[in-house]
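If you read the protein sequences in the order shown, they are chains A and B. Using our numbering, you'd call the opening residue of the first sequence number 1 and step up by one each time. Using our numbering, you'd call the opening residue of the second sequence number 1 and step up by one each time. By construction, the Cβ of each residue, glycine as well, lies at the ideal position given by its N, Cα and C atoms. What follows is a single structure, written as structure tokens, with notes after it.
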Amino acid sequence: MATFPGQVEGGSARTRAQSALAGIDWWLLGAALGVSAFGIYIVRVATEGDIPSDPGYFFTRQVAYVLIGLVALFFAMRLDLEWLSRYVWTLYAVLLAAVGIVLVLGSTARGSTSWIELGPLRLQPSELGKVVMAFVIAVVLVERIKSMEPARLSLMVAGLTAIPAGMVFLQPDLGTALVYAAIALAMLWVAGQPITHFIVVAVVVGTVAVSVLYLLPAVGVNVLQPYQIDRLTAFVNSGSDRSETGYQLEQSKVAIGSGGAFGKGPEGATQTINDFLPEHHTDFVFAVVAETFGFLGAGLLIALYFLIIWRAMVIMRRAPTELERLMAAGITAMLAFQVFVNIGMNVGIMPITGIPLPFMSYGGSHTLTNLVAIGILLRIGRRGAEQGARVA
Amino acid sequence: MSTLTPLPPDLPPGDDLPPRRRPRRPSRRVLRMTSFMVIVLTLMGVLVARLWFLQVIGGGEYQERAEANRLRTVVTEAPRGAITDRTGAPLVTSREVLNLVADPQQLAGPKGTAVLRRLSVALGHPPGFLAAKVRKAQEARPFEPVVLEKETSPALQAYVQERGGQLPGIRLKAAYVRDYPQGALAAHALGYVGPIPAESADRYRERGYQGNETVGRAGIEAEYEQYLRGIAGREQLEVDARGEVVGRGILSQTPPRPGQALRLSIDLKTQKALEAALRAEVVGSGTSTGAAGVAIDPRTGAVLALASYPTFRPDLFQSGSPRDVQRTLNSPSRPLLDRAIAGEYPAASTYKVISAAAALESGFYTPGETIRSPGNVTLYKTRFQGFRNIDHGIIALPEALEVSSDTFFYELADRSYRRQGWPLQVWSRNFGLGRPTGLDLTEGESRGLVPDLAYKRRTCDRAVDPINCSWRPGDSINMSIGQGNVLVTPIQMAVAYAAIANGGTVVTPTLGRAVVDADGRVLRDLVGARASRPLGLSKDNLDLIRGGLERAANANGGTATPVFGGLPRPFRVAGKTGTAENPSGIDHAWWVGYAPADDPSIVVAILVERGGTGANTAAPVACATIGAYLGFGPNRCGTGAKAN
């Protein structure tokens, strides 16, 4: 292992424990743990009736995922990014290989798969890949921002992102691919790349979106599956939509709206417990919160996300190195994008893209990923605080 | 790696402008981070705003929709009450059928669409047929079950039962339809049932009806809706997305309440005889466009028979095709018109009893006085013809009624015109003309018309014929023989003659007799509360008129003697023929009278449109009707031959 710059060597067990806790952003850690615990509770309430023979099926698993995630968080806090940057291309290669394997396995199984099975665990490489991607982009930007022409650098980052994102898209997992894109864009922005690049991106994305969703299908060229288009456009014409997606969206809105100001409580949340709300422990877990605890509870949850993202941004501002600053920006973008798109999908203002709600949705891989991301942020935050103290 | 050297947080390495030269301007790095933060926080704000909109502003609407998702109301239909004749013989009953219904809540989403498509094809419709039907019904009445097919065949029932699991949201549901054991008998009186009409949907909702109920739309079915209506039982269940009952299960329960049975005063055999005779007369005449008949018990006003021809199938609005309904509605013979209570005709000679009563009670004719009654008279420089210009010589009132002299009554009308006080109008109204009789078919009755000065002023054309805006002698003269502008309905004439038959009481005719329970016990008497009032005709005058009516049916010169003259004493009939001038063609035929003459138990009024003379067409129908009620066969009646 490499040196840990922020760590005080030696000392008694007590001082070592004290120093391990020193400089930790308790707001960030507390909010992340709070949302995770709330997530466990909601998964429990929402899924109690799903498997009659095992009411605690999802609950016990989610508890395990969070515990594993906390261990990972602890290790992530001790991870020296500077040391790790030596192995950046190895990491990138592993990411491509893992995502590639999933893609190949998925296509041979003639269906969509995003798992790699490791014994009892089913790992979704594209999830951890988000953090890896952010790290790769951060390293590339830091290494080349002075030496490389801005346009070429932007193109390089775009290319590096597009390869794994493209494979994830083909799985098909459009939502996760979009998260990759959001991470890359936010990091290029924070790195200070010229504003013209973003205008070009906006134009290209707009053109592609209109073409893929409306123009090309009209002339018979289908880039996306019809059900994918359905999911992306359902929120625009909700109500009249009688497709499965339109139905899901309507039920989600009914669940959220019927929660009212103070919610219907776990016993009265009939949209959830009577199964009208689809995917109530994964994609639509926010609707469960909103139905059960109303505007008060849902607003409180959004406030907790606000706290997490706020602290992440403060850490980004105080990051001691450019690498860590960009890494923090990538993670912030990852969390904020997922929170916004998922809740936006629940309340019917964003397309249905299958992006889980960080710390809340049931699932091992993304829980692990998000907690690792928090761990990285906590380390950057502590180093920033020490740096600030030393400068002062 | 030199780029990874720690830097003071506010002195970035990549800044274009050294902070020393422009210290107040924030660096690009800080600008980028700040704008990034602003974007992220704005998006969070958008989420909160949207949440506020959904939950706090729109909460009520979504709560309703969540309840509609969760609650399923199982409706158990209740049969409508039966309608029977006076003896309890069923006229209308309820029969259980199985309807194919869909629960739209369970058919939302693509799976439901697929189920409906499969079912459409199985039923032989185009694939989108049932889905469109459900959507349409949903727009009108959200959350209510939609009837896909009424009165399913056994084959369809088997199909659905075998595939119960594959057709979620589709089920067979018991319902009741009206059955008519006597076919179209008394169709106009009974009326019919049908769905709640869109224009009165709110009124029914206020009275506790569900939108898809079947209600009485006309006749007795509508009049006594409050008793006949069966109130469906409702069970409220909590269900999940698959439609399975969950949690607390039954949340509330009200049992179905069958409708109460209604006993009418209609006498089945009299009704049958009346309808058969009317039909035979109209069909046989070749010229008649319709006919109507009323039989009432003069002592109580109980309606024994009420018929109108042409008639209609009362189940038309329940199970007839829309084309059949349209054809009936638009038919030029107007089969839905109840001519017995809504048809307005000149009263013709049947009115002469009212002329007589007016003259006697006003004192300008004294009993025993004889009047010369030639074939025609000239009054006020106008020549008034009697019927067929027959000279009846010098006669008194009973003979004048017997032979139906017109000129006798012209003389009385002239005296009436010269007196003040409008005796013809007063006595017309005393007998109940000019307003509905109060029969318990309140929606259907016409008022008729008793012309008076106000009517003349209302209807005349001042510019063309100003003199016609006053009451003129000719108006009284025409009115005295029931012509001119006098218009009556058959039920009004029956009530008027009932007052003569029962000794001077104007009764209110009634069809409904009692509301009874399943065992025939009377729950509510419908007759007792009906009003009656004295006619105000003295007994002597009444007897004089009754004598005249008896002669008209039995004496040698009687207009209807050929029909009734051969009947034995217990069945002796009294009554008056009438032949109403019809400006648009052949005359309408009337007969109104009662039997037995000395103790009347039945009054009959018959009208045959374009039937010719009353004696030839209306009187035989009346004879058959009276015979059915009193118990003699139609072969005891003669055929009409003599005029008027």
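Own chain partners of residue i with C-beta closer than 6 Å, once the 5 adjacent residues on each side are dropped
i: R572(B); result: P596 and A597
i: G557(B); result: E402 and V403
i: G444(B); result: D338, I341 and A342
i: V132(A); result: L91 and L95
i: I57(B); result: none
i: G39(A); result: F359 and M360
i: L394(A); result: Nothing can be reported for residue 394(A): it is not among the residues displayed for chain A, which extend from 1 to 392.
i: A182(A); result: A333 and F337
i: M479(B); result: L424 and V486
i: W379(B); result: Here residue 379(B) is Leu; the residue named in the question, Trp, does not match the sequence. Contacts found: D414.
7 Å CB neighbourhood of residue i in its chain, flanking five on each side removed
i: S154(A); result: L188, Q193 and H197
i: T382(B); result: G474
i: E221(B); result: L190, G191, Y192, V193 and L228
i: P310(B); result: G290, S333 and P335
i: R20(B); result: Summary for R20(B): the model assigns pLDDT 46, below 50, so the residue's position carries little reliability; its value from the coordinates is reported in the next sentence. The answer is none, since no qualifying residue turns up.
Whole-number beta carbon distance between residue j and residue i, since they are thought to touch under 8 Å
i: L100(B); j: L148(B); result: 5 Å
i: R86(B); j: R513(B); result: 6 Å
i: L264(B); j: A307(B); result: Incorrect: roughly 13 Å between the Cβ atoms, too far for contact.
i: A305(B); j: Q271(B); result: 4 Å
i: N389(B); j: G536(B); result: The Cβ separation is near 36 Å, so there is no contact.
i: I380(A); j: A328(A); result: 5 Å
i: F293(A); j: G257(A); result: Contact doesn't hold; Cβ gap of about 14 Å is too wide.
i: V495(B); j: T459(B); result: Contact doesn't hold; Cβ gap of about 26 Å is too wide.
i: V140(A); j: L160(A); result: 7 Å
i: G448(B); j: L424(B); result: Not quite, the Cβ-Cβ distance comes to about 14 Å (not below 8 Å), so this is no contact.
i: G638(B); j: R610(B); result: G638(B) to R610(B), Cβ: 23 Å. No contact.
Three-state secondary structure (DSSP) of residue i
i: L307(A); result: helix
i: D475(B); result: helix
i: P23(B); result: Low local confidence applies: a pLDDT of 48 at P23(B) is under 50, so the model's placement there is unreliable, with the coordinate-based value given in what follows. The answer is coil: DSSP assigns P23(B) none of H, G, I, E or B.
i: A102(B); result: strand
i: V495(B); result: helix
i: V146(B); result: strand
i: R513(B); result: strand
i: R78(A); result: coil
i: D230(A); result: helix
i: G239(A); result: With a pLDDT of only 48 at G239(A), under the threshold of 50, the placement of this residue in the model should not be trusted; the figure read from the coordinates follows. The answer is coil: DSSP assigns G239(A) none of H, G, I, E or B.
i: L357(A); result: coil
i: W591(B); result: strand
i: R418(B); result: helix
i: E225(B); result: helix
i: V8(A); result: In this prediction, V8(A) has a pLDDT of 47, which is less than 50 and means its spatial position is unreliable; what the coordinates show is noted afterwards. If DSSP states are grouped into helix, strand and coil, V8(A) belongs with coil.
i: N376(B); result: strand
i: T321(A); result: coil
i: E244(B); result: coil
Any non-hydrogen atom of the ligand NAD closer than 7 Å to residue i Cβ
i: G34(A); result: What this structure holds is no ligand at all, so the ligand NAD is not there to describe.
8 Å CB neighbourhood of residue i in its chain, flanking five on each side removed
i: Q138(B); result: P104 and V146
i: R318(A); result: G381, G384, A385, Q387 and G388
Between the stretch 44-55 of chain B and chain A, which residues of the former have CB atoms less than 8 Å from a CB of the latter, in chain order?
M44, V46, L47, V48, R50, L51, W52, L54 and Q55
Residues of the stretch 201-229 of chain A with Cβ closer than 9 Å to any Cβ of chain B, in chain order
none
Chain-ordered residues of the stretch 103-134 of chain B with a beta carbon less than 7 Å from chain A
A108, G109, P110 and T113
Taking only runs of the beta strand (DSSP E) that begin and end inside the stretch 152-184 of chain A, which ones reach a length of at least 3 residues, in chain order?
none
Return the residues of the stretch 336-349 of chain A that lie within a Cβ-Cβ distance of less than 7 Å from chain B, sorted by chain order.
A336, F340, I343, G344, V347 and I349
Interfacial residues, the stretch 222-244 of chain B to chain A, with Cβ spacing under 8 Å
E238, V239, D240, A241 and R242
Unbroken alpha helix (DSSP H) runs of length 4 or more, entirely within the stretch 612-642 of chain B: which are they?
619-630
For the stretch 150-178 of chain A, list every residue whose C-beta sits within 8 Å of some C-beta in chain B, in sequence order.
none
Taking beta-carbon pairs under 7 Å, can you tell me which members of the stretch 262-287 of chain A lie near chain B?
T270, Q271, N274, D275 and F276
Beta carbons nearer than 7 Å to chain B: which residues of the stretch 308-320 of chain A have them?
I309, M313, M316, R317, R318 and P320
Going along the stretch 47-73 of chain A in order, which residues come within less than 7 Å of chain B, judged by CB to CB distance?
none
Every unbroken alpha helix (DSSP H) within the stretch 59-126 of chain B, with a cutoff of 4 residues, ordered by chain:
59-70 and 109-122
Scan the stretch 536-599 of chain B and note each continuous beta strand (DSSP E) run of 3 residues or more that stays entirely inside, going in chain order.
574-580 and 588-595
Proximal residues, the stretch 180-211 of chain B versus chain A, C-beta separation under 9 Å
none
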